[in-house]
Structures are given as C-alpha cells and as structure tokens.
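Chain order of the listed sequences is L and S. Numbered per the working numbering, the first sequence finishes at 221, counting up by one with no gaps. Numbered per the working numbering, the second sequence finishes at 221, counting up by one with no gaps.
Number of protein chains: 2
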Amino acid sequence: MYCQPVPRTADPDVRLRLVERAAAMLAARETVTLRSLVEGTGASTMAVYTHFGGMPGLWRAVRQEGFTRLHERLARVPRTADPVHDVAALAVAYAANALDSPALYRAMFDAVADLEDPAGADRGLALLVAAAARARDEGRLAPAADPSAVATRLWVAGHGLLSLVVQGVLPADVVPAHSVETAVALLTAAGDDPGACRASVARAWALGSGADTGSVGTGE
Amino acid sequence: MYCQPVPRTADPDVRLRLVERAAAMLAARETVTLRSLVEGTGASTMAVYTHFGGMPGLWRAVRQEGFTRLHERLARVPRTADPVHDVAALAVAYAANALDSPALYRAMFDAVADLEDPAGADRGLALLVAAAARARDEGRLAPAADPSAVATRLWVAGHGLLSLVVQGVLPADVVPAHSVETAVALLTAAGDDPGACRASVARAWALGSGADTGSVGTGE
DNA sequence: AAGCATTGCATAGCAATGCCATGTATTGTC
DNA sequence: GACAATACATGGCATTGCTATGCAATGCTT
Numbered sequence: 002m003y004c005q006p007v008p009r010t011a012d013p014d015v016r017l018r019l020v021e022r023a024a025a026m027l028a029a030r031e032t033v034t035l036r037s038l039v040e041g042t043g044a045s046t047m048a049v050y051t052h053f054g055g056m057p058g059l060w061r062a063v064r065q066e067g068f069t070r071l072h073e074r075l076a077r078v079p080r081t082a083d084p085v086h087d088v089a090a091l092a093v094a095y096a097a098n099a100l101d102s103p104a105l106y107r108a109m110f111d112a113v114a115d116l117e118d119p120a121g122a123d124r125g126l127a128l129l130v131a132a133a134a135r136a137r138d139e140g141r142l143a144p145a146a147d148p149s150a151v152a153t154r155l156w157v158a159g160h161g162l163l164s165l166v167v168q169g170v171l172p173a174d175v176v177p178a179h180s181v182e183t184a185v186a187l188l189t190a191a192g193d194d195p196g197a198c199r200a201s202v203a204r205a206w207a208l209g210s211g212a213d214t215g216s217v218g219t220g221e
Numbered sequence: 002m003y004c005q006p007v008p009r010t011a012d013p014d015v016r017l018r019l020v021e022r023a024a025a026m027l028a029a030r031e032t033v034t035l036r037s038l039v040e041g042t043g044a045s046t047m048a049v050y051t052h053f054g055g056m057p058g059l060w061r062a063v064r065q066e067g068f069t070r071l072h073e074r075l076a077r078v079p080r081t082a083d084p085v086h087d088v089a090a091l092a093v094a095y096a097a098n099a100l101d102s103p104a105l106y107r108a109m110f111d112a113v114a115d116l117e118d119p120a121g122a123d124r125g126l127a128l129l130v131a132a133a134a135r136a137r138d139e140g141r142l143a144p145a146a147d148p149s150a151v152a153t154r155l156w157v158a159g160h161g162l163l164s165l166v167v168q169g170v171l172p173a174d175v176v177p178a179h180s181v182e183t184a185v186a187l188l189t190a191a192g193d194d195p196g197a198c199r200a201s202v203a204r205a206w207a208l209g210s211g212a213d214t215g216s217v218g219t220g221e
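Structure representation (structure tokens):
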C-alpha cells in the first residue's frame, strides 16, 4: 500500500485520529484490524506501536475514550430541584450513551479492568453518587441510606440491562419501562416515597426521549 | 505435530471432548486457539470443522454447554415451602455457577445472541419465572405482579453484577450483600412484605454459602 | 463377499493478523 | 551546523483461522 508523503509537521495528533477512527469503525460495524485501522489515516502500522504499544494498547485507549464521552454526557445532565429526578436523568443519559454507540459500549466493558486511567471511569459513577447523596440530604432517601451503595446498585442494574440490549438479547424498547421499574424499586427501598419516586423517575424518562441529552429508543 | 494413529472406532464423541476441553482451557485461563485446542485430544484441526464448521461454531457450542450446565445447576435447587426463598435460592445458584467458572460465564455472554438452541438459554430463566409465579399465587407478591417481568428484572440485575465481578471491576465478596439488597428491593416492589422478604432472601444466601448448590465467595 | 459411496479426519499449504527489527527522515538543542 | 532523539515507513516473521486434497474406515448394495 502506498502512503502519500504527508509532511511531518501536518500531524495534529495521530493518537486522537487513530482512537477516533477505531471508534468510528466500531460504530460502522467494521472489524478493526491493525491494517484496516491505519488505512486512510496516512499512517503506517508502526504508528500504533509508537503511540499505544500495540493493539491491546489501542483498545485500552478506545475504552478510555468511551468512558470520557460517557462522563461528558453525564456531566451535561442539568441539576434540577428534584434530586430523585436527577438520579433518574443520569440513568437516562447513561442509557442513551450506550444505545447511541452500542459497539463502543461493548468494547468499553470488554476488558474494563484494563484502563489507562481507571479513575476516569469512576468519575461517571461519582456523579450518580453525588445525586444520590443529595437525594438523601434533602430528605428523599432515608438518613441511613448509603449513597454509594444505592448508586452502585443502580449502575449495576443499568449495566446488566444495557449490556443485554446491546448484544441483542433484549429489545431496546424495554429499556425505559424496565429502567423505571428497577429504579423505583431500588430508590423506594432506599427510603423514598413510592408515589413521589415513581413520579420523579417517570418524568426523567419521559423528558429523556427527545431531549438534548439524547433520545433513548433510537438505538441500534 | 504427530498424532498417534488412534483406531477409528475408539472415538466416543469428538464433539463432546472438544467442547469440554475448550471449557477446561477457559477455566485454566489458557488462550483457546484452533491448534492449542486439538493438541492432546489426538484429533487434528479438521475435526473442529467437520463438527462445528469452524471456530465460531465451536464457541457457539461452548456457550450452549455453559447454558446447559447453568440450567442443570438451577434445576438442582430444591423447592421449599417459601417461594420467595426459592427465588433467591435460584439467584444464589446462578451466582455460584458464574463464580465457579467465570471465564465460561464471560464466554457465554460474549455473543449470547448466537446459540445453537436459543430456547435452551431461556429454560433457566423459565425456572425463575415459575418461582416468581408461585410466589404471586401463594400471596407473597401482588396479584397484579407479572412473574415474567419480576424474574427478568432479577436476572438482568444479577447479570449486571456478575459480569462486572467476573471482569474484576467489583470484588466477589460484594455479591451476597448486593444481591440481597437488590432482590429485596425488587421483590418488595412487587408486593412482598419488606420484613418477610428480607428474611427469605437472606436465608437463601446464608444457606447458599457452603451448601451443595455450590458456595458463593470462592470465585476466581 | 466384493464393490462402492459416504463419512471422518490427517496433511499441507494459504491469506490475514499482530508484531517487530531495521533503516530513515524530521525535529529540537547546543 | 553537528548530534541526539523522536516518529514513522518498509519489509519480514510467527501465528491464527481456514480449506483443498487425499486417504482410511464404515456401511450399504448387489
């Protein structure tokens, strides 16, 4: 294969280009191989080795990019006067992110224990923990409720649902109803009033479909 | 590589041998390649193609075997007078199965939509649905509760937890506590009495650690 | 019982993959 | 302006999944 002699200085950031191209190929359902990845970028296969040390390193960077995008999306969720609504809104954004790029979501959790910056993946969860803590502090959850535990349960349940949807086991249209029921169960168990809880959670999902946080249900 | 001229008749079942060897290699954390798989079985690489059509077919058979073993384990869970306890006992067996062979569990859900017999994977869930239906019929859950929906929520949450544990994101020792809290929340939301529900679920997990259904907590 | 098609597999070789040794061009520094 | 360091292109290597070919054993047919 011939690579045009692109000037050295015109090299904004090969790392970024390669990671984004890998993510784009994932989204396009193309198989990402070393050679198919560099094809079209004007780079040779060695670029992958100088920047990532090999294909495992590239995948690590791709997963990191996935968690970065997830965090950015979660951070865009506005804070309202209803903390339980905000907890659910974070779940909506999480689901929308996964359904918008299911292949990337799969790749993220393919070897999620192997990341460049493991703390980066925790930052998203931290937003959920903070929202849960606010719900407790404002009296919606029981004073003894552990925000970290509640957030973890929500995240674990959401991940289970989305990983199964992303793999085609469950259809995408079950996500809202399933999420609402599970979230209401977990948050009610944490002390919230059942009726108020359902209202808050349902409102987040109703708003989520079509809002700028990304619509849920247009996945795959 | 030399393969001893084993007599043709002495061929109990190459399919079974290959699938079991693949599962054993997964458990031993060895990478399963076409050649490393057949090595030691006295078979050549062609056996994989005559029986499975290729490596994807082998993996399909391995996943099927995983779901078969899971179903056998779930079917061994005895039925007691407490249907909510039985629901939780199925969850205990499910978790024990996953933690006993984490690599197989990962492989099962690696492409779970691609199975020889998709209905085989549903048979395990059917046991959980039946237990939930009994809990409703015996008055533990609300009459309007949908056993299928309740079972699915339990399974989805359990899968989320176990897939994260199996990948090293969460430690295995959080499984019992997390499972109890989530199951109590979901079953209480379905209508069970909070106190009775917690007692039933906690008893199942207390018995599960060390019973012949397989101990939970000795994973990896 | 002899011929013959079928089945199951061993051998060997192919294309593609990830990886790396080597050489080379560009950049920054003194 | 020489020099070291960096970044990358080239080419080749081992391994992977796969398959074309041939052979041996089995079972059916007559």
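The C-beta atom is built at its ideal place from N, Cα and C for all residues, glycine as well. In this text, all values refer to a predicted model and were calculated from it rather than measured experimentally.
Linking Leu100 of chain S to Ala114 of chain S through their CA atoms gives a straight-line distance of about 22 Å. Within the model, the alpha-carbon separation for Ala152 of chain S versus Pro148 of chain L is close to 26 Å.
The Cβ of Glu182 of chain S sits closer than 8 Å to at least one Cβ of chain L.
Taking the beta carbon of Gln168 of chain S as reference, the chain L residues within 9 Å of it are Phe110, Asp111, Ala112, Val113, Ala114, listed in sequence order. Burial is judged here by how many other beta carbons sit within 10 angstroms of a residue's own beta carbon; Ala108 of chain S has at least 16 and is buried. DSSP places Val20 of chain S inside the alpha helix (DSSP H), whose first and last residues are 15-28. Rounded to the nearest whole angstrom, the CA to CA distance from Ser210 of chain L to Leu163 of chain L is 16 Å. Secondary structure of Arg61 of chain S (DSSP, three-state): helix. The region 194-208 of chain S makes contact with the region 176-183 of chain S: 3 or more CB pairs, one atom from each, lie closer than 8 Å.
Counted as a single uninterrupted DSSP element, the alpha helix (DSSP H) harbouring Leu126 of chain S occupies residues 119-138. Residue burial annotation: Leu17 of chain L is exposed, with fewer than 16 other C-beta atoms found within 10 angstroms of its C-beta.
DSSP, reduced to helix, strand and coil, places Arg154 of chain S within a helical segment of the structure shown.
Flagged as an interface residue toward chain S: Leu187 of chain L, by a C-beta distance shorter than 8 Å. Given a length threshold of 4 residues, the region 60-95 of chain L has no whole run of the alpha helix (DSSP H) inside it. Inclusion of Arg61 of chain S and Leu116 of chain S in the CB contact set at 8 Å is warranted, their separation being smaller than that value. The beta carbons of Val88 of chain S and Leu188 of chain S sit closer together than 8 Å. Under a criterion of Cβ atoms nearer than 7 Å, the residues of chain S adjacent to Arg154 of chain L are, in order, His179, Glu182, Thr183. Against Ser164 of chain L, the close residues of chain S are Phe110, His160, Gly161, Ser164, in the order they occur along the chain (beta-carbon pairs closer than 8 Å). Thr51 of chain S and Pro195 of chain S have their alpha carbons spaced roughly 55 Å apart. In this structure, the straight-line span from the alpha carbon of Leu128 of chain L to that of Thr81 of chain L is close to 14 Å. In this structure, Ala122 of chain S sits near Phe68 of chain S, with a CB-CB distance shorter than 8 Å. When the Cα atoms are used, Ser102 of chain L and Asp118 of chain L turn out to be separated by approximately 21 Å. Here Gly125 of chain L is not near Leu165 of chain L, since their CB atoms are 8 Å or more apart. At a cut-off of 8 Å, the C-beta of Val157 of chain S has a neighbouring C-beta in chain L.
Nearest CB-CB separation between Ala29 of chain S and chain L: not below the 8 Å threshold. At a cut-off of 8 Å, the C-beta of Ala190 of chain S has a neighbouring C-beta in chain L. The three-state reading of DSSP puts Asp174 of chain L in helix, counting H, G and I together. Distance from the CA of Trp156 of chain L to the CA of Ala133 of chain S, rounded to the nearest whole angstrom, comes to 24 Å.
Take Ala28 of chain L, set aside five residues on each side of it, and the residues of its chain with a beta-carbon closer than 8 Å to its own are Ser102, Ala104, Leu105, in chain order.
Ranked by Cα distance from Val85 of chain S, the options S:Arg22, S:Glu139, S:Val176 are led by S:Glu139.
DSSP places Gly55 of chain L outside both helix and strand once states are collapsed to three, so it counts as coil. If you look at Val113 of chain L, you'll find it isn't in any alpha helix (DSSP H); DSSP assigns it neither H nor E.
The alpha-carbon of Val175 of chain S is positioned some 29 Å away from that of Ala173 of chain L. Gln65 of chain S has its alpha-carbon roughly 23 Å from the corresponding atom of Ser45 of chain S.
In the DSSP assignment, Ala203 of chain L falls within the unbroken alpha helix (DSSP H) covering 195-209.
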